[in-house]
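Here's the structure we're looking at; comments come further down.
In the working numbering, the protein residues as written are 3 to 232.
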């Protein structure tokens, strides 16, 4: 989906997705990992939950490639430590080594796999030496399991690890694709782990989005932490 297509989509965005940052436990996982300093919140969308926590002790630049999304976010929350900037994550308008932290929560989801690598290279470029890249990445393998277990009706593309989800084709992630992304983005120091979406609210939102009946969640994402070491 291109940026102009997101404009009309932004008004009811919260009905088509749920924001992982609306979950306090997920925000805490991020806050516990960041360094002090300037933060880039990459692909922030219209949600403001994370920005409200980040600005308490840090300066934050929040970007999205859809102006309508940024307009909603800015209407809902402003702060002296927060700046909203229209930006494409494949071509960020920042100098090399500008940020102490870069955070991406379910925003590395372009329609083509080659764009994932473009984003990774830009993230590495604008991250300072010893800076941290922290990301929640939607799991392709978890989605496959969910489709089988819950009989979820989704179109998938195994070649590009894509899913035609609630907002169109998006590239998801596997352990191998994360390793490939790190290699092509020149990150040598990184780790990632599964995070099961098992809070009450997460289970409710998964049930709502995919019209499934379950009291537990088998759905997980990957929490990636990478450091830029030169």
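Every residue, glycine too, gets a C-beta built ideally from N, C-alpha and C.
Neighbour-count burial assignment, residue i, 16 or more Cβ in a 10 Å radius
i	result
residue 219	buried
residue 124	buried
residue 215	exposed
residue 141	buried
residue 163	buried
residue 233	Here the chain covers residues 3 to 232 and nothing more, so residue 233 does not appear.
residue 21	buried
Three-state secondary structure assigned by DSSP to residue i
i	result
residue 96	coil
residue 152	helix
residue 140	strand
residue 221	coil
residue 197	strand
residue 85	strand
residue 122	helix
residue 25	coil
Same chain, Cβ closer than 8 Å to residue i, neighbours up to 5 away in sequence not counted
i	result
residue 35	134, 136 and 227
residue 53	43, 46, 62, 64, 75, 79, 81 and 84
residue 31	197 and 225
residue 195	224 and 225
Nearest to residue i (by Cα), restricted to the options the options
i	options	result
residue 26	212, 202, 223 and 94	202
residue 232	183, 126, 199 and 181	126
residue 112	53, 178, 67 and 33	67
residue 235	40, 56 and 38	Residue numbering for the chain in the displayed model covers 3 to 232; residue 235 lies beyond these limits and cannot be assessed.
residue 139	199, 37, 39 and 58	199
residue 72	90, 182, 94 and 48	48
Cβ-based neighbour list, residue i, same chain, cut-off 7 Å, excluding 5 preceding and 5 following
i	result
residue 50	75, 78 and 79
residue 147	220
Residues of its chain near residue i, where Cβ-Cβ distance is below 6 Å and the 5 sequence neighbours each way are ignored
i	result
residue 120	92
residue 159	none
Given 8 Å, three or more beta-carbon pairs between the region 174-191 and the region 71-89: The region 174-191 vs the region 71-89: no contact.
At least three beta-carbon pairs within less than 8 Å, the region 116-134 to the region 94-103: These segments touch.
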